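Be aware that the sequence shown starts at 4, since it is given in the numbering used here, and climbs by one per residue. All residues carry an ideal CB built from backbone N, CA and C; glycine is no exception. All of these numbers come straight from a predicted model, not from anything done at the bench.
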Amino acid sequence: MATTALERRLFVDGEWIETGDWLEVRSPYSGDLVGRVAKGGPQETKRAIDAAERAMREPLPAHKRAEILVKVAGQLGRRHDEVARLISEEAGKPMKAARVEAKRAMSTFTFAAVEARKLAGEMVPMDASQAGEGKLAFTLRVPRGIVGAITPFNFPCNLVAHKLAPALAAGCAVVLKPASATPLSALLLAELMEAAGLPSGWLNVVAGSSAEIGDVLVEDERVAALTFTGSGDVGWKLKERAPRKHVALELGNATPVIVCADAPPDTAATLAANSFSFAGQSCISVQRIYVLDDAWDEFVRDFVPKVEALVVGDPADEETDVGPVIDDDARRRILEWIGESGGEVLTGGETNDRDLIKPTVIANPAHDAKVSREEVFGPVVTLTRTSSLDEAIELANSTRYGLQAGIFTRDLRSALEGAQKLEFGGVTVNEAPTFRADQMPYGGVKASGNTREGPAYAVRELTEERLVVIHL
Ligand code: NAP
């Protein structure tokens with residue numbers, strides 16, 4: 004529980020500004036006030052873009068950008084407890100998971116610093132054609148321009164880090180709009196970047212009405228790139244509305260896993276641990292498990308008790324595995340989806356005495372039920388008995404999403420078949436598809452997005468090639 008509510012101003016043009024209006028941040032667990040944040044709108048967003056434009060007129064050399072990123076990583080390490088607690092309080096994320104997120108944010112800044120120092124174009128072999136004889140050519144990687152970044156509630160620190168750190172590595176100034184439910188971690192990162200020596204205007208954080216801030220970011224031609232992580236409905240509309248901008252989308256998933264008869268013995272434990280972390284509110288939380296016939300009885304016997312052993316409760320408690328979902332609307336929707344699944348609820352399916360949804364396992368839901376196709380974003384997993392690997396792959400693919408998927412088998416051929424046929428941006432073998440290390444190329448296909456994050460990949464997205472031809 005938050006002991007003292009924080010008060011945070013917006014960060015625009017190197018200044019911490021008040022607006023006269025406030026956004027309240029409440030604990031999703033207790034409802035207590037965690038903090039309040041100055042609420043911005045179009046005026047602050049325009050001011051932020053003006054500042055970003057001025058900042059980019061004086062480019063920061065790569066070594067300075069890298070030094071700032073390294074300093075922020077160091078501060079994230081030194082202030083680990085504070086960072087993790089803030090994530091936990093504003094998002095209702097159990098401390099165990101909040102600590103992992105805080106550490107991963109260090110990693111994101113560290114890898115971005117490496118990319119800042121490596122950023123370079125390439126030589127073009129001009130004498131490979133007759134036309135090119137007598138000429139030298141190479142490419143530079145130049146920053147696209149001002150980046151408008153929009154982030155979701157579920158990783159309020161590390162997903163903000165995945166926007167800010169690569170943008171700075173690429174030499175782009177940023178206007179960030181964090182999720183209204185969880186703006187405090189973003190503002191803490193801004194504080195760390197300022198303390199690390201980031202000059203005015205390179206980072207601006209404007210919390211407030213998503214439509215108003217989003218409209219300015221979409222309509223202002225000076226914003227060259229939009230990078231959005233969140234739900235598909237919002238993301239794809241943004242892209243439609245900004246045809247001349249570079250729009251990078253990291254969206255949802257309905258994460259499937261296939262369990263073959265020859266899966267490693269700890270498969271049920273791995274999947275139980277990765278299906279309910281942060282109450283399933285991760286875009287790659289395991290949601291749909293397709294179990295082949297021969298593995299079914301043993302898997303169900305192993306999996307359900309492991310799910311029942313998860314500790315449900317106060318996110319501030321270091322022992323808690325599963326806390327609240329983000330708000331009442333989410334809780335109501337998830338319970339509704341469980342109710343209409345058409346399957347057998349093996350455990351959970353209801354709330355506990357603190358109104359937390361118990362980790363829920365549903366056996367054999369209808370193939371067209373929402374839990375089988377849409378993103379639940381809650382502590383719910385389906386188990387579906389399948390007769391063959393082909394059928395499991397077909398069912399895993401029967402969704403509009405395509406972010407990450409997993410397959411558990413010790414047979415190399417089945418593993419490679421999964422890797423080739425599962426229509427997802429990433430396929431994990433004998434590892435839950437919830438796995439992400441921050442340097443990986445991470446992103447989706449189909450409705451799950453159109454880009455790859457991970458500092459090396461995000462830096463490529465946020466820079467463009469400029470060709471230089473020299474006549475010798
Ligand atoms: P969301 O409702 O789409 O919100 C994401 C962000 O978009 C928030 O900052 C939100 O602001 C803003 N937003 C909403 N409407 C907008 C508009 N019209 N114009 C501009 N911005 C707008 O998503 P969420 O509930 O926070 O996050 C959950 C979703 O994110 C899930 O679908 C999850 O899978 C996805 N996600 C994807 C990844 C990935 O890497 N692929 C990672 C994490 C989460 P407000 O908060 O002010 O409404």
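Could you tell me whether any non-hydrogen atom of the ligand NAP is closer than 7 Å to the CB of residue i?
i      : result
PRO436 : no
VAL154 : Note that residue 154 is Thr in the sequence shown, not Val. Answer for THR154: yes, Cβ within range of the ligand NAP.
LYS49  : no
PRO181 : yes
VAL510 : Nothing can be reported for residue 510: it is not among the residues displayed for the chain, which extend from 4 to 475.
CYS160 : no
GLY217 : yes
CYS286 : yes
GLU468 : no
ALA419 : According to the sequence provided, residue 419 is Leu. The question's Ala does not apply to it. Result no, Cβ not under 7 Å from the ligand NAP.
GLY38  : no
LEU143 : no
THR258 : no
ASN157 : yes
For residue i, which of helix, strand or coil comes out of DSSP?
i      : result
PHE158 : coil
PHE112 : helix
ALA5   : Reliability fails at ALA5, whose pLDDT of 49 lies under 50, so the model's placement of it is uncertain and no value is given.
ALA372 : coil
ARG147 : coil
GLN407 : strand
ALA435 : coil
MET2   : No statement about residue 2 is possible, as the shown extent of the chain runs from 4 to 475 and does not include it.
TYR32  : coil
VAL462 : helix
PHE231 : strand
PRO128 : coil
Any idea if residue i is buried or exposed, counting beta-carbon neighbours within 10 angstroms, 16 or more meaning buried?
i      : result
GLN423 : exposed
ASP441 : buried
LYS180 : buried
GLU255 : Per the sequence shown, the amino acid found at residue 255 is Gly instead of Glu. Buried is the call here.
HIS370 : exposed
ALA272 : exposed
LEU392 : buried
SER132 : exposed
PRO327 : buried
ALA5   : Confidence is the limiting factor: at ALA5 the pLDDT is only 49, short of 50, which leaves the residue's position unreliable and the question unanswerable from this model.
ALA123 : exposed
ARG29  : buried
Could you tell me which of the options sits nearest to residue i, measuring between CA atoms?
i      : options                           : result
ALA193 : PRO159, LYS49 and PRO155          : PRO159
PHE427 : ASP414, THR412, GLN78 and ARG455  : ARG455
THR350 : ARG336, ARG304, ARG39 and ASP324  : ARG304
ARG88  : VAL383, VAL328, LEU9 and ASP269   : LEU9
THR402 : VAL374, GLY421 and THR389         : VAL374
PHE380 : ARG469, VAL289, VAL150 and ALA461 : VAL289
GLY446 : LEU274, LEU425, ALA251 and ARG376 : ALA251
VAL476 : ALA276, ALA214 and GLU224         : With the chain represented from 4 up to 475, any question about residue 476 goes unanswered, as that position is not in the structure.
ALA170 : GLU468, GLU464 and ARG244         : GLU464
VAL209 : PRO31, ALA282, ALA54 and LYS240   : ALA54
TYR404 : MET196, VAL178 and SER451         : SER451
Any heavy atom of the ligand ADP inside 7 Å of the beta-carbon of residue i?
i     : result
GLU85 : The model depicted lacks the ligand ADP and carries the ligand NAP instead.
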